[in-house]
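Structure record follows, encoded as structure tokens.
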Amino acid sequence: MNAKGKVIKYGNNVDTDVIIPARYLTTSDPAELASHCMEDLDEKFISKVQKGDVMVAGRNFGCGSSREHAPIAIKASGISCVIAETFARIFYRNSINIGLPIIECAEAAQDIKDGDEVEIDFDKGFITNLTSGKTYQGQPFPEFMQKIISADGLINFIKSSL
Amino acid sequence: MGMTMTQKILAAHAGLDSVVPGQLIKAKLDMVLGNDITSPVAIKEFDKVGLNSVFDINKIAIVPDHFTPNKDIKSAEQVKICREFSKRMGIVNFFEVGQMGVEHALLPEKGLVVPGDVIIGADSHTCTYGALGAFSTGIGSTDMAAGMATGEAWFKVPEAIKFILKGKPRKWVGGKDVILHIIGMIGVDGALYKSMEFIGDGAHALSMDDRFTMANMAIEAGAKNGIFEVDEKTKQYVEEHSVRSYTVYKADEDAEYSEVFEIDLAAIKSTVAFPHLPENARTIDNVGDIKIDQVIIGSCTNGRIEDMRIAAEVLKGRKVHADVRCIIIPATQKIWKQAMNEGLFDIFIDAGAAISTPTCGPCLGGHMGILAKGERAVSTTNRNFVGRMGHPESEVYLASPAIAAASAIAGKIAGPDQLGLVISEK
Numbered sequence: 001m002n003a004k005g006k007v008i009k010y011g012n013n014v015d016t017d018v019i020i021p022a023r024y025l026t027t028s029d030p031a032e033l034a035s036h037c038m039e040d041l042d043e044k045f046i047s048k049v050q051k052g053d054v055m056v057a058g059r060n061f062g063c064g065s066s067r068e069h070a071p072i073a074i075k076a077s078g079i080s081c082v083i084a085e086t087f088a089r090i091f092y093r094n095s096i097n098i099g100l101p102i103i104e105c106a107e108a109a110q111d112i113k114d115g116d117e118v119e120i121d122f123d124k125g126f127i128t129n130l131t132s133g134k135t136y137q138g139q140p141f142p143e144f145m146q147k148i149i150s151a152d153g154l155i156n157f158i159k160s161s162l
Numbered sequence: 163m164g165m166t167m168t169q170k171i172l173a174a175h176a177g178l179d180s181v182v183p184g185q186l187i188k189a190k191l192d193m194v195l196g197n198d199i200t201s202p203v204a205i206k207e208f209d210k211v212g213l214n215s216v217f218d219i220n221k222i223a224i225v226p227d228h229f230t231p232n233k234d235i236k237s238a239e240q241v242k243i244c245r246e247f248s249k250r251m252g253i254v255n256f257f258e259v260g261q262m263g264v265e266h267a268l269l270p271e272k273g274l275v276v277p278g279d280v281i282i283g284a285d286s287h288t289c290t291y292g293a294l295g296a297f298s299t300g301i302g303s304t305d306m307a308a309g310m311a312t313g314e315a316w317f318k319v320p321e322a323i324k325f326i327l328k329g330k331p332r333k334w335v336g337g338k339d340v341i342l343h344i345i346g347m348i349g350v351d352g353a354l355y356k357s358m359e360f361i362g363d364g365a366h367a368l369s370m371d372d373r374f375t376m377a378n379m380a381i382e383a384g385a386k387n388g389i390f391e392v393d394e395k396t397k398q399y400v401e402e403h404s405v406r407s408y409t410v411y412k413a414d415e416d417a418e419y420s421e422v423f424e425i426d427l428a429a430i431k432s433t434v435a436f437p438h439l440p441e442n443a444r445t446i447d448n449v450g451d452i453k454i455d456q457v458i459i460g461s462c463t464n465g466r467i468e469d470m471r472i473a474a475e476v477l478k479g480r481k482v483h484a485d486v487r488c489i490i491i492p493a494t495q496k497i498w499k500q501a502m503n504e505g506l507f508d509i510f511i512d513a514g515a516a517i518s519t520p521t522c523g524p525c526l527g528g529h530m531g532i533l534a535k536g537e538r539a540v541s542t543t544n545r546n547f548v549g550r551m552g553h554p555e556s557e558v559y560l561a562s563p564a565i566a567a568a569s570a571i572a573g574k575i576a577g578p579d580q581l582g583l584v585i586s587e588k
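Residue numbers (the numbering used here), protein chains in the order written: chain R, 1 to 162; chain D, 163 to 588.
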């Protein structure tokens, strides 16, 4: 599975309250959530993001609440993959469970710049910065998680094993 | 290699003699929890599995507490989904308005969580029940759905950080100050993916309410869970509130920890977390001159009876500042009634504070006390990210009930000492 797109970059500790503020948690509709994605941190995000774009961020991405609405909003906004130095653990779990591709790679997260064009080979965890020519190896997923990802989420994985 | 408290609980629930950090396991669940925001998504996912029943109608709790009493039509629809699902599945622990409380204050009070349990909750502050010596962690709605369907969850066994607490906190200093101090020290990802294990004579000196406060905020350091060693206070609390049997797990002498911290509780000062991260801690003598507009005393962090008593002790005979709204939210009906019967409500109302029915309300910017642009609140809640309590250009300062109450009187961030309150030995 591959992702390729323009990078939108953020800093450290991007929390779930800025990814999707609680005032919008009266809905779980992905399109509605996407329309408010990143609003309190970058109100231009939703107008500049294009399908296939890649979000790159620093440490502790997705910290804060367990709201699954956060990765749902990011996925529905068109983002094809999130690369971060580290992920907060509930956000990490939720992303795998709903099928939002994520990769942990400190070097890539630090090097890659806003506006760069990147390509990700998700199966190998291989990141290529097409703009700079540099390549990076991200953290591979344990086999168990790879199965959930290839089943396109936890519920499908459970259904198939019932 | 010996095991930590957390590792022992996980091993037992995975049917294994032992586990090591990094190991992937599947554990049987004692409780699966959700609220009115997270359960609707979980219910949608659960229905996709196509089962006619949940794994155990007694081991699921759905507590509509975030946007209740229904704050608007959309919230009412979300609670309706929770209510109808609970009826359809026969879920015993669904708590309607009038019965409910803030989930992480309610579950221990109702005896639904006990030492040695494995609990998952679709709410990040599910780590609260670690105060009872249980393994308890926050997860998302899909994990909640999977848990309701199978009664199991996968986990990666965590490493642990040991916190040896010594001595006793000073007057006006409590669990909130200790945990804000710790998060200030290690940072919002200082315990990422790890257990925070609390032991020592200081841990045993803390009340159960203080332990709930501290375990509650383990997530704010990025932890997978927080857990206290079980002692006589724990057992007394559990036996008063629950009919369930329980198991006590003590860490092995040769258990390994990635870090060990010794904390002298007597040295900790009243602490405030400045915007916009819980790690932005300053002691009360370093806050400067910060005028405020609102005070919130309540939440799963500090909405319990001891918190109400401390607030009352500060507010007694004094008035909330003319420019401040002080909103007090006892976390459950039982706490509400107890505070009322102890005369605390007379103190609150005479001081000019407002008292609310249990709700999470303002903590996450839902309702019952939202901030306008440029406004500042001192709050006993647990997060102060941008826009947390309202307008993105508002600010939240996290603090203990003592600081919150004193600030409400002073009209700016202040400690009880600054109001001329006598400091005596606790």
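Don't be surprised by glycine CBs; every beta carbon is placed ideally from N, CA and C.
- Between the stretch 187-195 of chain D and the stretch 432-439 of chain D, the count of C-beta pairs closer than 8 Å stays below three; the two stretches do not touch.
- DSSP, reduced to helix, strand and coil, places D:Arg-487 within a strand of the structure shown.
- Going by DSSP, D:Thr-312 is part of the alpha helix (DSSP H) stretching over 303-312.
- Sequence-ordered contacts of the stretch 351-367 of chain D with chain R read Asp-351, Leu-354, Tyr-355 [C-beta pairs closer than 8 Å].
- In this structure, the alpha-carbon of D:Phe-390 lies about 12 Å from that of D:Ala-367.
- With respect to the 8 Å criterion, R:Glu-32 and R:Pro-21 are not classified as neighbours on the basis of their beta carbons.
- Residue-level contact by beta carbon fails for R:Leu-130 and chain D, as no gap is shorter than 8 Å.
- Close to R:Asp-121, with beta-carbon spacing below 7 Å, lies no residue of chain D; the smallest spacing is near 24 Å.
- In the three-state scheme derived from DSSP, where H, G and I count as helix and E and B as strand, D:Asn-220 is classed as coil.
- Taking one beta carbon from each stretch, the stretch 336-356 of chain D and the stretch 237-250 of chain D have fewer than 3 pairs nearer than 8 Å; the two do not touch.
- Listed as beta-bridge partners of D:Trp-498 by DSSP are no residues whatsoever.
- DSSP lists D:Lys-318 as the bridge partner or partners of D:Leu-186.
- Under the Cβ distance rule, D:Val-335 does not count among the residues neighbouring chain R, no pair being separated by less than 8 Å.
- R:Ile-158 sits in a helix when the DSSP states are folded into three classes.
- Boundaries for R:Asp-121: no alpha helix (DSSP H) harbours it, while the beta strand (DSSP E) harbouring it runs 117-121, taken from the DSSP string.
- Rounded to the nearest whole angstrom, the CA to CA distance from D:Gly-388 to D:Ile-301 is 14 Å.
- By the rule that beta-carbons nearer than 8 Å mark a contact, D:Ser-286 touches chain R.
- Between D:Val-276 and D:Ile-171, the CB-CB gap reaches or exceeds 8 Å.
- Taking the beta carbon of R:Ala-22 as reference, the chain D residues within 7 Å of it are Leu-526, Gly-527, Gly-528, listed in sequence order.
- Only buried fits R:Asn-97, as 16 or more other CB atoms lie within 10 angstroms of its CB.
- With at least 16 other beta carbons inside 10 angstroms of its own, D:Thr-304 counts as buried.
- Classified as buried, D:Val-476 has 16 or more neighbouring CB atoms from the shown chains inside 10 Å of its CB.
- Between the stretch 306-317 of chain D and the stretch 208-220 of chain D, the count of Cβ pairs shorter than 8 Å is three or higher; the stretches touch.
- Residue contact with chain R for D:Thr-312: present (Cβ-Cβ distance below 8 Å to some residue of chain R).
- Taking 8 Å as the cut-off, the beta carbon of D:Leu-427 is found no closer than this to the beta carbon of D:Gly-384.
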